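Residue numbers (the working numbering): 25 to 695. Here the structure comes first, spelled out in structure tokens, and everything after it is commentary.
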């Protein structure tokens, strides 16, 4: 039954197919477009074809699902989080910025930015969209003013909004969900900085202090002011219409990729089939085609957007891959894809959070902790010549000097890397360790000699890299002790710059649900990244962390649970069973959600013809002849002000004065 009138506005847009395989509708001047569909890594790919990939920094988390379209990027609440992208394609005279945003609950207490640009140090040339203080009122800053326009709209948490604004030679327009929300004038925007920040204030001096709180998706920047129709086109996903493959998984440039990884991607707009190129030589993957496959065309004309490489990936190997999208007949056009890369997991990982102690006394600030805190190391693992970055001590009179290292748990150790004592005059002083005995222990009481070795002398240069690597042969240890038999000199003083223990990942890791996760679906199962040598897995699971029963021994790194209880904290551990070895895992926990949402009333719209109005699902007296009326007579049909959470609730009016003397609204669920 129709109770309201609906109006349908049809907008026809001309689609232009570019040579790069991107389909767009009259969006000239596109400077950058970041779909934020990656699943891992520190790079947000620019899908505009301009090459302005963004760099992630801070508390940011890829969300492969749950975005406005595809994935999204979650800003976790830490102030400095941001994505830095080049501003090379922007113009001070005119431009547009747009994106989808979803505020999480609770919100951070500080000011939060959707987008930030400013020249420093004078805080001029602002291009900023933000929410000031702890409120969720949308504000705009342009040119010389931080508050060009305030209180444009009050945003609700846990709801997607499309926010956009344009500037054009002194005039601005702000759009919310494709509709004009504010207009006005500005001044003082005369220059563009080298970069902008997605999700922060764009202030390079403070390194970002006002990060967004929630999900961002589908960010686009243009070098001209778009029309409202163009804003709506972008809002409705127009820029996602690509003929080439996107959204690679593993992400482009990702490292530490599982050896059993499968390749996945988002299909091009018109693709009927897919050609997969995969190999270890970048030039071959770039140059190969159907006529000259060069040994890297591993799948031609496949239907799925998933490819599983044969066998396991080689440890530490970098792989290159490309997806060509093939149109259906009769044209069967082939759209050559970008070459992506990733690197499989390394042979060994560095043990973190090591505690170092010694039987020798050192000066304050020069203790054994200096050997495991990274002091003096740069990003290239080169060690300084500053004495304050190293450990130096006098040998005890009654016993050899030793330094002991304690880990947080037992590891299967692969290698010990050593940066010896490296002050400028070390060739004369000879304080560095020379002949040593290395021992290991599980409990710190019972010790076993692993090997005798000699540490190479440091170079006494600021570009000094580790020049000693001791094979530890997979010994299981929580403690390692290095005892010096001699130094490179005869002064009686001994020192080291840095050590690093590398371990084989034989224990279970990366649990799902994540350790400490809350609001977990009671129907969720368990999964984890298996230990490298695991043949099977022992899963311990329960509600008492001190008494976990064995729940099962699956062959795969996943376990299906009986449906769990609401509002309950569960604990679990996975012991990895190898060939004669059992490696105990860490204790993990998660908490299930307090209740299941049956209907949050957020999905209903005012589109009667589509059957999406709230009274099309919740049937009232117009259908069941009781005294109830669901929704309002005119749009918006849902209540927008009085809400518990989200953006709308269901109005229910009742009249019990007439037969049948009660009011009832009904909804039928699928199950």
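Even glycine gets a Cβ: it sits at the ideal position worked out from N, Cα and C. Source: prediction; values computed, not measured.
Give the range of the beta strand (DSSP E) segment to which residue i is assigned.
| i | result |
| --- | --- |
| residue 646 | Where residue 646 is concerned, there is no enclosing beta strand (DSSP E), although the alpha helix (DSSP H) it sits in stretches over 645-648. |
| residue 122 | 118-127 |
| residue 701 | Because residue 701 is not part of the residues shown, which for the chain are 25 to 695, the question remains open. |
| residue 617 | No beta strand (DSSP E) holds residue 617; DSSP gives it neither H nor E. |
| residue 345 | 342-351 |
| residue 364 | 363-368 |
| residue 672 | First-last for residue 672: undefined, no H or E at that position. |
| residue 93 | Taken as a continuous stretch (DSSP letters only), residue 93 belongs to no beta strand (DSSP E), as it is neither H nor E. |
| residue 87 | 84-87 |
| residue 502 | 500-508 |
| residue 542 | 541-544 |
Please name the residue, chosen from the options, that lies closest to residue i on a Cα-to-Cα basis.
| i | options | result |
| --- | --- | --- |
| residue 216 | 167, 136, 556 | 167 |
| residue 333 | 300, 355, 423, 351 | 300 |
| residue 554 | 562, 496, 547 | 562 |
| residue 525 | 540, 327, 498, 533 | 498 |
| residue 548 | 677, 493, 590 | 590 |
| residue 432 | 610, 206, 173 | 610 |
| residue 68 | 223, 323, 339 | 223 |
| residue 418 | 518, 470, 330, 388 | 518 |
| residue 505 | 511, 470, 529, 129 | 470 |
| residue 496 | 473, 599, 486 | 473 |
| residue 645 | 637, 654, 638 | 654 |
| residue 284 | 331, 325, 277 | 331 |
| residue 287 | 275, 295, 293, 294 | 275 |
| residue 242 | 683, 188, 277, 511 | 188 |
| residue 626 | 128, 183, 93, 307 | 183 |
| residue 436 | 314, 371, 560 | 371 |
| residue 181 | 128, 152, 225, 545 | 128 |
| residue 600 | 629, 568, 552 | 552 |
Beta-carbon within less than 6 Å of residue i's beta-carbon, same chain only, minus the 5 sequence neighbours each way: which residues are those?
| i | result |
| --- | --- |
| residue 280 | 369 |
| residue 175 | 161 |
| residue 448 | 409, 484 |
| residue 592 | 616 |
| residue 45 | Confidence at residue 45 is low in this model, with a pLDDT of 35, below 50, so the placement of that residue should be treated as unreliable; the coordinate-derived value is given next. Cβ neighbours of residue 45 beyond the five flanking positions: 267, 268, 359. |
| residue 309 | 301, 303, 320, 344, 346, 363 |
| residue 639 | 654, 655 |
| residue 430 | 379, 503 |
| residue 207 | 197 |
| residue 544 | 537, 614, 616 |
For the alpha helix (DSSP H) containing residue i, list its first residue and its last residue.
| i | result |
| --- | --- |
| residue 638 | 638-641 |
| residue 259 | 252-259 |
| residue 450 | 450-453 |
| residue 309 | 306-311 |
Using a Cβ-Cβ distance cut-off of 8 Å, determine whether residue i contacts chain C.
| i | result |
| --- | --- |
| residue 591 | As a matter of chain content, chain C is missing from the structure shown, which is built from one protein chain. |
Tell me, which residues are paired with residue i by DSSP?
| i | result |
| --- | --- |
| residue 658 | Beta-bridge pairing links residue 658 to no other residue. |
| residue 580 | Residue 580 pairs with nothing; no bridge assigned. |
| residue 437 | 527 |
| residue 264 | Answer by DSSP bridge pairing: none, since residue 264 is not bridged. |
| residue 298 | 326, 349 |
| residue 110 | 219 |
| residue 596 | 565, 612 |
| residue 103 | Partner(s): none; residue 103 has no beta bridge. |
| residue 290 | 270 |
| residue 429 | 380, 504 |
| residue 10 | Past the edges of the chain, shown from 25 to 695, lies residue 10, and the structure says nothing about it. |
Whose C-beta lies closer than 7 Å to the C-beta of residue i among residues of the same chain, with five residues either side of it excluded?
| i | result |
| --- | --- |
| residue 488 | 406, 407, 443, 446, 482 |
| residue 394 | 413, 414, 415 |
| residue 391 | 415 |
| residue 338 | 368 |
| residue 676 | 652, 654, 689 |
| residue 35 | Legend: pLDDT at residue 35 = 23, less than 50; position of this residue unreliable, no value from coordinates given. |
| residue 624 | 670 |
Quick one: measure Cβ to Cβ for residue i and residue j, integer angstroms, because I've assumed they're closer than 8 Å.
| i | j | result |
| --- | --- | --- |
| residue 537 | residue 619 | That pair is no contact at about 18 Å. |
| residue 82 | residue 238 | Rounded, the Cβ-Cβ distance is 14 Å, inconsistent with contact. |
| residue 111 | residue 214 | Incorrect: roughly 14 Å between the Cβ atoms, too far for contact. |
| residue 597 | residue 641 | The pair is not a contact, with the Cβ atoms about 44 Å apart (cut-off 8 Å). |
| residue 350 | residue 297 | 5 Å |
| residue 428 | residue 503 | 6 Å |
| residue 461 | residue 476 | 5 Å |
| residue 85 | residue 73 | The pair is not a contact, with the Cβ atoms about 27 Å apart (cut-off 8 Å). |
| residue 154 | residue 135 | 6 Å |
| residue 219 | residue 278 | 23 Å between Cβ atoms; not a contact. |
| residue 113 | residue 245 | 7 Å |
Output needed for residue i: all residues of its chain with C-beta closer than 8 Å, excluding positions within five of it in sequence on either side, in chain order.
| i | result |
| --- | --- |
| residue 201 | 185, 186, 259 |
| residue 515 | 453, 454, 455 |
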